[in-house]
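Let me begin by presenting the structure, written as structure tokens, before commenting on it.
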Amino acid sequence: MADAGSFPPDGESAHNEHEAGLPLHKGSEESHHYELLKLVREDLQKSGFSDLGVDEKTLERFLVTNSLDPKKASDALMNHLKWWNAFAPLGYIPEDYIIRERRTGKLCLQGHDKKGRTLGVFLIVKHNVFERDIEEFKRYAVYSLEKAISSSKNEAKEVSVIVDLAGWGYKSVDIQGYLALLEILQEHYLKHLGKMILIHAPLVFWAVWKITSPFFNEFTRQKMIFVEDKNIKSVLLSEIDLDQMPDMYGGRMQLCPA
62 MADAGSFPPD
72 GESAHNEHEA
82 GLPLHKGSEE
92 SHHYELLKLV
102 REDLQKSGFS
112 DLGVDEKTLE
122 RFLVTNSLDP
132 KKASDALMNH
142 LKWWNAFAPL
152 GYIPEDYIIR
162 ERRTGKLCLQ
172 GHDKKGRTLG
182 VFLIVKHNVF
192 ERDIEEFKRY
202 AVYSLEKAIS
212 SSKNEAKEVS
222 VIVDLAGWGY
232 KSVDIQGYLA
242 LLEILQEHYL
252 KHLGKMILIH
262 APLVFWAVWK
272 ITSPFFNEFT
282 RQKMIFVEDK
292 NIKSVLLSEI
302 DLDQMPDMYG
312 GRMQLCPA
């Protein structure tokens with residue numbers, strides 16, 4: 062098997078032990094946990110993968126999210142490394158690979174919420190299924206996630222996003238694109254999702270939601286909040302300080318496209 066290459070520097074390797082939900086082990090338990098981590102790393106090396114750039118925090122996160130099963134953890138980590146090496150062979154997504162997507166201004170990254178998580182805003186009205194290229198859309202999503210994670214002040218490197226469904230129309234119905242984005246999020250960035258706040262959902266949106274909702278796992282569902290129009294400002298203010306909240310929602314910060 063080919064060497065898996067470098068690990069994303071600011072994405073998946075960012076969890077610390079406590080924030081990832083790992084219990085603080087003492088004595089023999091700590092020793093046992095160390096042995097489990099060692100097994101994960103050894104399995105990684107035996108399978109022909111370079112563990113360069115795969116730090117202890119990364120191993121811990123994959124171990125914890127796979128029920129402390131070292132075999133499952135190493136398999137999941139190898140799958141991630143294979144994906145990253147194929148998807149971003151340079152170790153990052155160059156901006157000239159996502160020129161058209163960036164020009165749409167559909168995704169903005171700005172400020173932080175009250176927990177220090179980078180705040181993103183996805184404007185569905187600026188997404189056009191008839192003009193997007195699916196591979197560029199996926200690259201744009203990963204580029205934005207990596208950028209948001211690297212800017213997060215939260216210890217677990219979490220990100221929060223406002224999904225603004227205002228203006229949802231026929232051109233916004235991109236089930237293929239949304240499921241591709243969901244797969245990337247749930248397979249490779251799940252623990253970085255702090256909160257997803259969905260606002261301005263029109264009636265027509267719920268037909269698409271009925272089709273796509275079975276693909277959302279329980280962890281993702283727990284992070285999602287659908288907010289009625291009358292409650293948008295109060296809900297956002299409960300999560301975001303006024304000087305960090307986008308001005309289009311009553312805050313003081315202008316939108317800044319990613």
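Residues 62 to 319, numbered by my numbering, are exactly what the sequence shown covers, in order.
Note that beta-carbon positions come from the ideal geometry of N, C-alpha and C, so glycine has one too.
Being a predicted model, the structure only gives us computed values, none of them experimental.
{"Asked": "Name the DSSP beta bridge partners of residue 181, please?", "Found": "170, 222"}
{"Asked": "Can you tell me whether residue 147 is buried or exposed, with buried defined as 16 or more other CB within 10 angstroms of its CB?", "Found": "exposed"}
{"Asked": "Taking its Cβ as the centre, do 16 or more other Cβ atoms sit within 10 Å of residue 159, making it buried, or is it exposed?", "Found": "buried"}
{"Asked": "From the DSSP output, which residues share a beta bridge with residue 288?", "Found": "260"}
{"Asked": "Alpha carbon to alpha carbon, what distance is there between residue 242 and residue 202?", "Found": "7 Å"}
{"Asked": "State whether the stretch 127-147 contacts the stretch 97-109, with contact taken as three or more CB pairs (one from each stretch) at a distance under 8 Å.", "Found": "yes"}
{"Asked": "Strictly by DSSP, which residues pair up with residue 318?", "Found": "169"}
{"Asked": "By alpha-carbon positions, which one of 121, 302, 110 ends up nearest to residue 96?", "Found": "121"}
{"Asked": "Looking only at C-alpha atoms, which of 155, 176, 304 sits nearest to residue 2?", "Found": "Lying before the first or after the last residue shown, residue 2 is absent from the chain, which here runs from 62 to 319."}
{"Asked": "Quick check on residue 255: does DSSP put it in helix, strand or coil?", "Found": "strand"}
{"Asked": "Helix, strand or coil for residue 131, going by three-state DSSP, please let me know.", "Found": "helix"}
{"Asked": "Could you tell me the alpha carbon to alpha carbon distance between residue 118 and residue 183, rounded to whole angstroms?", "Found": "30 Å"}
{"Asked": "Can you tell me which of the three DSSP states residue 307 falls into?", "Found": "strand"}
{"Asked": "Once you ignore the five residues that flank residue 304 on each side, which residues in its own chain have a CB closer than 6 Å to its CB?", "Found": "313"}
{"Asked": "Using 10 angstroms around the beta-carbon of residue 171, count the other beta-carbons present and answer buried if the total reaches 16, otherwise exposed.", "Found": "buried"}
{"Asked": "Are at least three pairs of beta-carbons, each pair with one atom in the stretch 249-258 and one in the stretch 216-231, less than 8 Å apart?", "Found": "yes"}
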